[in-house]
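Protein chains: 2
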Amino acid sequence: MEKVSEVRCFDGWQLRYKHRAASLNCVMHFSVYLPPHAETQRVPVLYWLSGLTCTDENFVTKAGAQRYAAEHGIAIVAPDTSPRGDNVPDDPEGAYDFGLGAGFYVNATQPPWSSYYRMYDYIVDELPALVAEHLPVDAGRESVFGHSMGGHGALTIALKNPGRFRSVSAFAPICAPTQCPWGEKAFTGYLGNNREDWQAYDAVELITAGARLPPLKVDQGRSDNFLAEQLHADRLIQACKAKGIAADIQYRDDYDHSYFFIASFIGEHIAFHSAALSAQ
Amino acid sequence: MEKVSEVRCFDGWQLRYKHRAASLNCVMHFSVYLPPHAETQRVPVLYWLSGLTCTDENFVTKAGAQRYAAEHGIAIVAPDTSPRGDNVPDDPEGAYDFGLGAGFYVNATQPPWSSYYRMYDYIVDELPALVAEHLPVDAGRESVFGHSMGGHGALTIALKNPGRFRSVSAFAPICAPTQCPWGEKAFTGYLGNNREDWQAYDAVELITAGARLPPLKVDQGRSDNFLAEQLHADRLIQACKAKGIAADIQYRDDYDHSYFFIASFIGEHIAFHSAALSAQ
Numbered sequence: 114m115e116k117v118s119e120v121r122c123f124d125g126w127q128l129r130y131k132h133r134a135a136s137l138n139c140v141m142h143f144s145v146y147l148p149p150h151a152e153t154q155r156v157p158v159l160y161w162l163s164g165l166t167c168t169d170e171n172f173v174t175k176a177g178a179q180r181y182a183a184e185h186g187i188a189i190v191a192p193d194t195s196p197r198g199d200n201v202p203d204d205p206e207g208a209y210d211f212g213l214g215a216g217f218y219v220n221a222t223q224p225p226w227s228s229y230y231r232m233y234d235y236i237v238d239e240l241p242a243l244v245a246e247h248l249p250v251d252a253g254r255e256s257v258f259g260h261s262m263g264g265h266g267a268l269t270i271a272l273k274n275p276g277r278f279r280s281v282s283a284f285a286p287i288c289a290p291t292q293c294p295w296g297e298k299a300f301t302g303y304l305g306n307n308r309e310d311w312q313a314y315d316a317v318e319l320i321t322a323g324a325r326l327p328p329l330k331v332d333q334g335r336s337d338n339f340l341a342e343q344l345h346a347d348r349l350i351q352a353c354k355a356k357g358i359a360a361d362i363q364y365r366d367d368y369d370h371s372y373f374f375i376a377s378f379i380g381e382h383i384a385f386h387s388a389a390l391s392a393q
Numbered sequence: 114m115e116k117v118s119e120v121r122c123f124d125g126w127q128l129r130y131k132h133r134a135a136s137l138n139c140v141m142h143f144s145v146y147l148p149p150h151a152e153t154q155r156v157p158v159l160y161w162l163s164g165l166t167c168t169d170e171n172f173v174t175k176a177g178a179q180r181y182a183a184e185h186g187i188a189i190v191a192p193d194t195s196p197r198g199d200n201v202p203d204d205p206e207g208a209y210d211f212g213l214g215a216g217f218y219v220n221a222t223q224p225p226w227s228s229y230y231r232m233y234d235y236i237v238d239e240l241p242a243l244v245a246e247h248l249p250v251d252a253g254r255e256s257v258f259g260h261s262m263g264g265h266g267a268l269t270i271a272l273k274n275p276g277r278f279r280s281v282s283a284f285a286p287i288c289a290p291t292q293c294p295w296g297e298k299a300f301t302g303y304l305g306n307n308r309e310d311w312q313a314y315d316a317v318e319l320i321t322a323g324a325r326l327p328p329l330k331v332d333q334g335r336s337d338n339f340l341a342e343q344l345h346a347d348r349l350i351q352a353c354k355a356k357g358i359a360a361d362i363q364y365r366d367d368y369d370h371s372y373f374f375i376a377s378f379i380g381e382h383i384a385f386h387s388a389a390l391s392a393q
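This is the structure in structure tokens:
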């Protein structure tokens, strides 16, 4: 693991690293914000999973999260959204919603994707182990959140690892990827044509099948262009209701799918995670 | 004036407009954040002047200012940093520090620049008149701030228009452009070889010559790569001291020249301007 950059920010450090990722068979970059508290103690860690087309840097420059992370004493780790590099296969037409920038936080089973696109293992195992080994975090205090494709990643990763994450939240998540064009395209490519294999990566399916969830918070803009066709927050609300899961899922009038929406509510999300992460 | 985009942000609106700018002989874009208060009343207005290579959008996406503008009920107008368009002359070698993206907030006197590069007139007269005509701002309550080249712009515009701006602040401003490579190159190109003509756009020279200043706040990172050669905060401190001007000019350990530095202190700057703008 090699430090690529370090920049002072809100009395902490915005850091960027690169490392060879075994699960992805390539060199990956990730960003970490360390709050001032990390100078003297191990701090809780919050994983941010970004959406389609993003790298590790969009969140870092646009979300305005550092202020709140500094306030609450939480580290934020922001990984990239797919394997990267000249040797990594990409969508043949360079589509934005499959291949590079669109790993969908699954372990691909179909060649050629299966040799590289194992983002689930990377986010759940490899990256946290690396972070715990090299950075002043308290690996026993982890939470996860994300946006759009990364909201899907955060929800499914929390659902598939009960007891591991203290809390989970999402902005405009893809709630039911097996039932929307983005998810159908990605899952067909990465997981094959058998739709039963897809259900293990669908938050609504997992909840309906009885998977447990830590405290959940979701915000969804009502003016989000992707809401009706791709995101389906209503199905998440219904699935939680059917299982008696108390979740804080809010529609926000006039807000869209952008980082301006994320920035507007990122403080509330970090405060939500901080409460869960600081509980004994 | 045509609206290009509007995005909900912190319960206000992040807006972008384009218009034909007479002073610059081209079509210009600018961004405006309107806080929630602007739905029902005219709000004070703060002009942000960006640094080299920026457009109107860098500040909008990276500074995290909207949160504080929403809190204090202030509109922030962010113009571009030079005239734009295929017909606008640029540095023959496409240098980042002259021509497009590098207007230096002066009125050029040398051809071919003088037909387009009149950023001083644009910022001081044309843009505020347009904003006052079309947007719910209280034009009698204006302040100005900026970064690097835009910090130079904010300081000199405040100094050259005594009584107009309620307050002025800057992040890592070019304090004495007549005495640094960036300023020498730009002023030679825009204003010609007579160094006496440059002094009207040099904050340290203007202060030394007795120009008045509204309340002033400056932050300067000590790890800023441009500090020693280009920025010269010490000369601003000395010039203020020599004239008995009480200014809040702070060095910040470890901070660099980036928007991470700006984001870290933008809240304090907006609070500073808010106090001046809300005074009766």
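Just so you know, the protein sequences line up as chains A and B, in that order.
Numbering-wise (this note's numbering), the first sequence opens with residue 114 and increments by one.
Numbering-wise (this note's numbering), the second sequence opens with residue 114 and increments by one.
Built from N, CA and C at the ideal position, the CB exists for glycine as well.
Nothing here was measured: the structure is a model prediction, and the numbers come from that model.
*Please state if the CB of M262 (chain A) and the CB of L137 (chain A) are separated by a distance shorter than 8 Å.*
In the first sequence, counting from the first residue as 1, residue 137 (chain A) sits at position 24. In the first sequence, counting from the first residue as 1, residue 262 (chain A) sits at position 149. A distance of 8 Å or more separates the beta carbons of L137 (chain A) and M262 (chain A).
_Just to confirm the assignment, what range does the alpha helix (DSSP H) spanning D347 (chain B) have?_
The residue labelled residue 347 (chain B) in the question sits at position 234 within the second sequence. First-last of the alpha helix (DSSP H) with D347 (chain B): A346 to A355.
*Over what stretch of residues does the beta strand (DSSP E) that includes W295 (chain B) continue unbroken?*
Reading the second sequence from its first residue, position 182 is the one you call residue 295 (chain B). First-last for W295 (chain B): P294 to L304, but that is the alpha helix (DSSP H), not the beta strand (DSSP E).
*Own chain partners of D204 (chain B) with C-beta closer than 7 Å, once the 5 adjacent residues on each side are dropped*: Translated into positions along the second sequence, residue 204 (chain B) becomes position 91. The residues are F211 and G212.
*Can you tell me whether S163 (chain A) is buried or exposed, with buried defined as 16 or more other CB within 10 angstroms of its CB?*
For the purposes of this step, residue 163 (chain A) is taken as residue 50 along the first sequence, with counting starting at 1. The residue is buried, with at least 16 neighbouring Cβ atoms inside 10 Å.
*For the alpha helix (DSSP H) that Q179 (chain A) lies in, which residues bound it at each end?*
Residue mapping note: residue 179 (chain A) aligns to position 66 of the first sequence, counting from 1. Judged by DSSP secondary structure, Q179 (chain A) falls within the alpha helix (DSSP H) whose first and last residues are Q179 to H185.
*Taking 7 Å as the line, does the beta carbon of V257 (chain B) fall inside it for any heavy atom of the ligand NAD?*
Judged by which ligands are present, the structure shown has none, so any question about the ligand NAD falls away.
_For A324 (chain B), which residues in the same chain have their Cβ closer than 8 Å to its Cβ, ignoring the five residues on either side in sequence?_
Counting from 1 along the second sequence, the entry for residue 324 (chain B) is found at position 211. These residues qualify, in order along the chain: L272, K273 and P275.
_8 Å Cβ cutoff met for V190 (chain B) and Y235 (chain B)_ = Taking the first residue of the second sequence as position 1, residue 190 (chain B) is located at position 77. Taking the first residue of the second sequence as position 1, residue 235 (chain B) is located at position 122. Result no, Cβ atoms of V190 (chain B) and Y235 (chain B) do not sit closer than 8 Å.
*By how many angstroms is the C-alpha of V257 (chain A) removed from the C-alpha of P328 (chain A)?*
Numbered from 1 along the first sequence, position 215 holds the residue referred to as residue 328 (chain A). Numbered from 1 along the first sequence, position 144 holds the residue referred to as residue 257 (chain A). Rounded to whole angstroms, P328 (chain A) to V257 (chain A) spans 11 Å at the Cα level.
*Could you tell me whether the stretch 374-385 of chain A touches the stretch 177-189 of chain A, where touching means 3 or more Cβ pairs closer than 8 Å?*
Contact holds: three or more Cβ-Cβ distances are below 8 Å.
_List, from N- to C-terminal side, the beta strand (DSSP E) runs of 3 residues or more that fit wholly inside the stretch 225-295 of chain A._
250-260 and 281-284
*To the nearest angstrom, report how far apart Q223 (chain B) and A188 (chain B) are at their CA atoms.*
The sequence position of residue 223 (chain B) within the second sequence is 110, counting from 1. The sequence position of residue 188 (chain B) within the second sequence is 75, counting from 1. Spanning the two alpha carbons is a distance of roughly 35 Å.
*Using DSSP bridges, identify the partner residues of E141 (chain B).*
Looking up residue 141 (chain B) in the second sequence gives position 28. In the sequence under discussion, the amino acid at residue 141 (chain B) is Met, which differs from the Glu named in the question. Its beta-bridge partners are B:H132.
*chain A beta carbons: is any one of them nearer than 8 Å to that of K175 (chain B)?*
Here the question's residue 175 (chain B) lines up with position 62 in the second sequence. By this cut-off, K175 (chain B) is an interface position.
*What in chain B is Cβ-close to S336 (chain A), meaning under 8 Å?*
Counting from one through the first sequence, the residue named residue 336 (chain A) turns up at place 223. Within chain B, the residues near S336 (chain A) are R121.
*Please state whether DSSP places N220 (chain B) in a helix, a strand or coil.*
The residue you call residue 220 (chain B) lines up with position 107 of the second sequence. In this structure, N220 (chain B) counts as strand in the three-state DSSP scheme.
*asked:* Are the CB atoms of R121 (chain A) and S336 (chain B) within a distance shorter than 8 Å?
replied: In the second sequence, residue 336 (chain B) corresponds to position 223, counting from 1. In the first sequence, residue 121 (chain A) corresponds to position 8, counting from 1. In this structure, R121 (chain A) lies closer than 8 Å to S336 (chain B) by Cβ.
_DSSP bridge partner residues for E170 (chain A) (one or two, in chain order)_ = On the first sequence, position 57 is the one that residue 170 (chain A) refers to. Under DSSP, E170 (chain A) forms no beta bridge with any residue.
*Touch check for the stretch 299-313 of chain A and the stretch 350-360 of chain A: three-plus C-beta pairs under 8 Å?*
no
_Simplified DSSP assignment, three categories, for Q83 (chain B)_ = Here chain B comprises residues numbered 114 to 393, so residue 83 (chain B) is not present and cannot be evaluated.
*Can we say the stretch 191-199 of chain B touches the stretch 127-144 of chain B, given the rule of at least three CB pairs closer than 8 Å?*
yes
*Quick one: which chain B residues come within Cβ less than 8 Å of A376 (chain A)?*
Looking up residue 376 (chain A) in the first sequence gives position 263. Residues of chain B passing the Cβ test: C122, F123, G177, Q179 and R180.
*Interface partners of F373 (chain A) on chain B, CB under 8 Å*: On the first sequence, residue 373 (chain A) is found 260 positions in, with the first residue counted as 1. V120, R121, C122, Q127 and Q179, listed in chain order.
*In this structure, does DSSP put V201 (chain B) in helix, strand or coil?*
The sequence position of residue 201 (chain B) within the second sequence is 88, counting from 1. V201 (chain B): coil per DSSP, three-state reduction.
*Could you pull the start and end residues of the alpha helix (DSSP H) that E381 (chain A) belongs to?*
Locating residue 381 (chain A) in the first sequence gives position 268, where the first residue counts as 1. Looking at the DSSP string, the run of the alpha helix (DSSP H) that includes E381 (chain A) is Y372 to S391.
*K102 (chain A) bridges to which residues according to DSSP?*
Since the displayed chain A opens at 114 and closes at 393, residue 102 (chain A) lies outside it and no answer follows.
_Just to make sure I have the definition right: I need the residues of chain B whose C-beta is within less than 7 Å of the C-beta of Y368 (chain A). Which are they?_
On the first sequence, position 255 is the one that residue 368 (chain A) refers to. What Y368 (chain A) touches in chain B: R121.
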